[in-house]
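**Q**
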Amino acid sequence: MTLTTALLTAAAVAWTAQIILGYWQISRFNNAYAELARHSTYLGVGHSNGRFTPKILIILALDGDKRVSDSILMQGLTIFAAPQKLTQLHGMDYRDIDPAAIFPDKPRHQQALASALQHKD
């Protein structure tokens with residue numbers, strides 16, 4: 095096997111693995127999102143900006159009283175980022191949530207949470 099063939103084979107395997115693992119991550123996210131949507135009145139979705147930094151995605155599920163009933167936090171650069179819960183927010187009225195107090199040393203988390211909290215009235 096020549097070096098060129100070996101490199102092309104490695105690239106093809108890496109590309110295929112990226113597609114499969116990316117699909118797996120999207121499926122996990124979609125399942126978590128669908129579960130939130132089934133049991134909430136409103137979903138607030140927010141994300142952080144930045145091109146070369148780990149992305150932060152926060153989804154808040156609000157009940158009829160505009161209290162956080164469930165949540166999802168996804169963060170990371172890789173396809174292995176898994177949905178996590180923000181249990182410290184559960185039960186809070188969305189108007190009482192201060193992103194800076196929840197994430198005092200994490201500005202990208204603050205940005206994503208603030209974005210998820212917009213336009214709820």
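In this note's numbering, the protein residues as written are 95 to 215. We put the beta carbon where it would ideally sit given N, CA and C, even for glycine.
#1: For A206, is the classification buried or exposed, using 16 other Cβ atoms within 10 angstroms of its Cβ as the cut-off for buried?
#2: For G116, which of helix, strand or coil comes out of DSSP?
#3: DSSP three-state label for R161, please.
#4: Using alpha carbons as the reference points, say which of M186, Q178, H184 and S142 lies closest to P201.
#5: Classify R120 as buried or exposed, calling it buried when 16 or more other Cβ atoms lie within 10 Å of its own Cβ.
#6: Residue range of the beta strand (DSSP E) that L151 falls in?
#7: Indicate the three-state DSSP secondary structure (helix, strand or coil) for H141 in the structure shown.
#8: Can you give me the C-alpha to C-alpha distance between I166 and A194, rounded to a whole angstrom?
#9: Going by the beta-carbon positions, is the gap between S209 and S163 smaller than 8 Å?
#10: Which same chain residues end up closer than 7 Å to M186 when comparing Cβ atoms and leaving out the 5 residues on each side of it in sequence?
#11: Can the beta-carbon of G138 be found less than 8 Å from the beta-carbon of I153?
**A** Checking against the coordinates, here is how it stands:
#1: Counting from one through the sequence shown, the residue named residue 206 turns up at place 112. Result: buried.
#2: Here residue 116 is taken as the residue at index 22 of the sequence shown, counted from 1. In this structure, G116 counts as helix in the three-state DSSP scheme.
#3: Translated into positions along the sequence shown, residue 161 becomes position 67. If DSSP states are grouped into helix, strand and coil, R161 belongs with the strands.
#4: Locating residue 201 in the sequence shown gives position 107, where the first residue counts as 1. Nearest option by C-alpha distance: S142.
#5: For the purposes of this step, residue 120 is taken as residue 26 along the sequence shown, with counting starting at 1. Reading the sequence as shown, one finds Ile at residue 120 and not Arg. That one is exposed.
#6: Your numbering for residue 151 matches position 57 in the sequence shown. Start and end: K149 to L156.
#7: Here residue 141 refers to the residue found at position 47 when the sequence shown is read from its first residue. It is a strand residue.
#8: For the purposes of this step, residue 166 is identified with residue 72 of the sequence shown, where counting begins at 1. For the purposes of this step, residue 194 is identified with residue 100 of the sequence shown, where counting begins at 1. One C-alpha to the other measures close to 18 Å.
#9: Here residue 209 is taken as the residue at index 115 of the sequence shown, counted from 1. Here residue 163 is taken as the residue at index 69 of the sequence shown, counted from 1. Between S209 and S163, the C-beta gap is not smaller than 8 Å, which leaves the two residues out of contact.
#10: Reading the sequence shown from its first residue, position 92 is the one you call residue 186. Closer than 7 Å at the Cβ level, and outside the excluded window around M186, lie R161 and V162.
#11: Against the sequence shown, residue 138 aligns to sequence position 44. Against the sequence shown, residue 153 aligns to sequence position 59. Yes, the Cβ-Cβ distance between G138 and I153 is below 8 Å.
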